[in-house]
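To start, the structure under review is shown below, and the notes come after it.
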Amino acid sequence: MGRLAITLIFELATIVMTLLPLRAQAPSARKASFEVASIKVNRTDAIGLMIDTRGDLFVATNATLRMLIRYAYSSHQVLQSYQIIGGPDWLDGPDRFDIQAKLGANVRSLPAEQVLFMLQALLEDRF
């Protein structure tokens, strides 16, 4: 094997090693999403907040957009409000939202992390 063959093998290996990480980082073709979701402005004067997954339904009641973002991006520990930088004034209110979102027709429950990914996609899509 001559110098040319060794050089070609080395260059080919370099190209392959460069392209492999790019393939691993490619976004999935289909984002996880709820089967159906309803987001409505909460018009009550209630002060309580509830965010929960009950069986095949994700429910948030009386939540600001900042609260929803904090929840959606908190996989292992709660994201603190000061960790969200910038955004429009209405991120903190006065509007609060009620969300009801169905996980899927034949889905009884999903891992919490999967529901968070679905909520992230919903917030990106609707806001």
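For this note's numbering, count along the sequence shown from 1 and bump the result up by 214.
Don't be surprised by glycine CBs; every beta carbon is placed ideally from N, CA and C.
Ala-345 - containing alpha helix (DSSP H), residue span: Residue numbering for the chain in the displayed model covers 215 to 341; residue 345 lies beyond these limits and cannot be assessed.
Span of the alpha helix (DSSP H), counted from its first residue to its last, around Leu-336: The residue you call residue 336 lines up with position 122 of the sequence shown. Unbroken alpha helix (DSSP H) run through Leu-336: 326 to 340.
Within 10 angstroms of its Cβ, does Ile-261 collect 16 or more other Cβ (buried), or is it exposed? Residue mapping note: residue 261 aligns to position 47 of the sequence shown, counting from 1. Ile-261 comes out exposed.
Checking contacts by CB at 8 angstroms: is Glu-338 closer than that to chain B? Absent from the structure: chain B. Only one protein chain is present.
Quick one: grab the DSSP three-state call for Ser-289. One-based indexing of the sequence shown puts residue 289 at position 75. It is coil, neither helix nor strand.
What did DSSP end up calling Leu-271 once you bin it into helix, strand or coil? Here residue 271 is taken as the residue at index 57 of the sequence shown, counted from 1. In the structure shown, Leu-271 adopts extended strand secondary structure according to DSSP, grouped into three states.
Helix, strand or coil: how does DSSP classify Ser-295 here? Counted from its first residue, the sequence shown places residue 295 at position 81. Of the three classes helix, strand and coil, the one that applies to Ser-295 here is helix, per DSSP.
Thinking C-alpha only, which one of Asp-270, Phe-272, Ala-335 and Ile-283 is nearest Trp-304? One-based indexing of the sequence shown puts residue 304 at position 90. Just measuring C-alpha positions, the residue of Asp-270, Phe-272, Ala-335 and Ile-283 sitting nearest Trp-304 is Ile-283.
Using the beta-carbon count (16 or more within 10 Å), is Arg-257 buried or exposed? To locate residue 257, count along the sequence shown from 1; it is residue 43. That one is exposed.
Residues in the same chain with beta-carbon distance under 6 angstroms from Val-250, minus the five sequence neighbours each way, listed in chain order, please. Residue mapping note: residue 250 aligns to position 36 of the sequence shown, counting from 1. Cβ neighbours of Val-250 beyond the five flanking positions: Lys-316.
Taking the alpha carbon of Ile-298 as the point to measure from, which residue in Met-332, Ala-246, Leu-279 and Val-273 has its own alpha carbon closest? On the sequence shown, residue 298 is found 84 positions in, with the first residue counted as 1. Of the candidates Met-332, Ala-246, Leu-279 and Val-273, the one whose C-alpha sits nearest the C-alpha of Ile-298 is Leu-279.
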